[in-house]
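Residue numbers for the sequence shown, in UniProt numbering: 1 to 331.
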Amino acid sequence: MKVLITGGAGFIGSTIGSACLDGGIQPVILDSLVTGKREFAEGRPFYEGDIADGALIDRIFTDHPDIDAVIHCAALIVVPDSMADPLRYYRENVAKSIQLVEHLSRNGCERLIFSSSASMYGTEDDFSVDENSVIDPQSPYATTKVMVENVLRDVAKASPLRTLSLRYFNPIGADPQLRTGLQVARPSHALGKLVQAYEDKVTFCITGTDWDTRDGTGIRDYVHVWDLARAHVEGLRRFDAIVDDYRVVCLGSGTGTTVRELVNAFEAVIGQPLPHEDAPARPGDVVGAFARNGLARELLGWEPKYGVEDGIRHSLEWAAIRPQRLHEIPS
């Protein structure tokens with residue numbers, strides 16, 4: 001089997017590529033390198049360019065007529081950035097995805113796995129959600145995922161292109177073999193900022209402390225990126241059996257972890273206290289949710305294998321080698 005991965009030189013896309021290789025599936029990588037890293041495409045057929053470039057998509061399918069499916073991971077993902085510049089997010093995530101779908105359809109693609117997001121969910125009383133929960137996006141980023149899902153659902157009804165939309169919760173960790181990990185040195189999410197605070201020996205800010213949760217801080221479902229990658233491999237293998245036209249599946253750990261609990265887990269991994277303080281919520285922040293994983297278990301035979309502390313440990317291990325792996329020049 002051969003699969004085209006858009007955004008395949010990014011954090012999640014590259015890890016999916018490694019899981020594919022481990023599973024005997026050949027990944028072909030398309031990435032603009034706006035946020036992805038060329039090093040993550042080493043040893044894999046790689047095309048540098050934009051998902052909206054029809055001539056490039058045509059060339060990829062000409063070079064690889066045996067592509068069986070596409071995994072669409074290419075997107076901008078930083079919620080505060082989407083609040084500050086929504087037009088950029090709608091252009092890059094929505095308009096270009098529509099163009100990509102046109103190019104894929106023209107080239108006879110009939111199987112698409114879409115990297116969607118659980119950030120689109122509204123708040124439930126117990127903070128748990130599944131595929132049928134209320135959709136209420138609170139940021140332009142989350143809205144872009146809803147819009148693309150709607151497009152793909154409609155296209156699936158009107159054309160041979162079928163889609164499996166996988167709604168991720170909060171990816172953490174790195175490839176356990178440390179082939180790939182977070183490519184950015186200063187990520188915007190909680191664990192990335194914890195690692196940064198630990199490395200820089202500065203105080204970590206818990207943003208948002210008056211949510212209606214057990215300790216007042218936001219609740220998240222931290223799912224290990226390798227578990228996410230394994231789910232994509234299962235999605236590829238089982239695609240024809242589980243997708244008639246359009247299907248949504250949630251991918252999370254199934255456990256809600258508050259930010260304070262994440263700090264406690266981080267301290268347990270590093271074996272010492274980490275200075276932290278409370279701060280106001282950031283624009284676009286939400287109370288959060290965690291997954292009910294029943295459908296993923298039923299359709300994909302998938303259960304997460306790694307917990308929060310595993311994700312923290314792998315993140316720290318990756319952070320220690322990232323500058324050498326990505327040939328970064330010290331500032």
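For each residue, glycine too, the CB sits at the ideal point set by N, CA and C.
On a CA-only basis, which of the options is nearest residue i? Give me that one, please.
i: A231; options: T217, G218 and V248; result: V248
i: G311; options: V3, L104, N170 and A55; result: N170
i: L300; options: K157, R325, I242 and G256; result: I242
i: A265; options: W302, L251, V195 and I321; result: V195
i: P140; options: G216, C20, A75 and I5; result: A75
i: V184; options: G23, V34 and S18; result: V34
i: T6; options: M120, N93, E317 and S117; result: N93
i: T143; options: S116, F239 and A190; result: S116
i: A197; options: L56, A319, S253 and M83; result: A319
i: A158; options: I12, D63, D53 and Y246; result: Y246
i: A281; options: L236, Y121, D210 and V233; result: D210
i: H72; options: G254, D240, A229 and I321; result: A229
i: A55; options: E234, S119, E102 and P283; result: E102
i: F46; options: D22, V78, G10 and I321; result: G10
i: E199; options: V155, I270 and S165; result: I270
i: R186; options: G108, G17 and P323; result: P323
i: L251; options: S119, D58, D22 and I25; result: S119
i: D22; options: Q177, S82 and T255; result: Q177
i: G49; options: D66, R162, I67 and V28; result: V28
i: E298; options: V78, T180, L87 and R238; result: R238
i: A19; options: L236, R111, L182 and A84; result: L236
i: Q26; options: V70, L316 and G254; result: V70
i: P283; options: V151, P86 and R59; result: P86
What does DSSP give as the partner residues of residue i in its beta bridges?
i: Q26; result: K2
i: L251; result: Y168
i: A279; result: T207
i: L112; result: V70 and T163
i: R220; result: T257
i: E48; result: D31
i: V129; result: A291
i: S117; result: Y168
i: I321; result: Note: I321 sits in no beta bridge, so no partner.
i: I135; result: Y121
i: Y246; result: T163
From residue i to residue j, what does the alpha carbon distance come to, in whole angstroms?
i: I172; j: K305; result: 13 angstroms
i: Y168; j: R153; result: 18 angstroms
i: G8; j: E267; result: 32 angstroms
i: P80; j: F61; result: 36 angstroms
i: D212; j: D285; result: 14 angstroms
i: I113; j: S188; result: 26 angstroms
i: G13; j: V225; result: 10 angstroms
i: Y121; j: K145; result: 11 angstroms
i: R91; j: P273; result: 43 angstroms
i: A156; j: I321; result: 42 angstroms
i: G36; j: G192; result: 17 angstroms
i: R106; j: D240; result: 20 angstroms
i: I57; j: V263; result: 43 angstroms
i: I16; j: V233; result: 8 angstroms
i: T255; j: I67; result: 36 angstroms
i: A190; j: L182; result: 13 angstroms
i: D244; j: R162; result: 7 angstroms
i: I135; j: E303; result: 24 angstroms
i: residue 345; j: G108; result: It is not possible to answer for residue 345, since the shown part of the chain is limited to 1 through 331.
i: S133; j: S253; result: 17 angstroms
For residue i, count neighbouring C-beta atoms within 10 Å of its own C-beta (all shown protein chains included) and say buried if the count is 16 or more, exposed if not.
i: V3; result: buried
i: E309; result: exposed
i: D227; result: buried
i: V223; result: buried
i: E149; result: buried
i: P160; result: exposed
i: D175; result: buried
i: S331; result: Caution is warranted here: a pLDDT of 49 is assigned to S331, below 50, making its placement in the model unreliable, and no coordinate value can be reported.
i: R313; result: buried
i: G294; result: exposed
i: H327; result: exposed
i: D31; result: buried
i: P137; result: buried
i: I51; result: buried
i: R88; result: exposed
i: A84; result: exposed
i: R111; result: buried
Does residue i come within less than 8 angstroms of chain D when only Cβ atoms are used?
i: L56; result: Considering every chain present, this structure includes no chain D. It has just one protein chain.
Exercise. For the region 128-138 against the region 279-298, are there 3 or more C-beta pairs whose distance is under 8 angstroms?
Worked result: yes
Problem set entry | the region 273-285 touching the region 201-220, judged by at least three CB pairs closer than 8 angstroms | yes
Exercise. Counting Cβ pairs, one atom from each stretch, are 3 or more of them under 8 angstroms apart for the region 96-103 and the region 36-45?
Worked result: no
Exercise. Just checking, does the region 255-271 make contact with the region 215-223 on the three C-beta pairs under 8 angstroms criterion?
Worked result: yes
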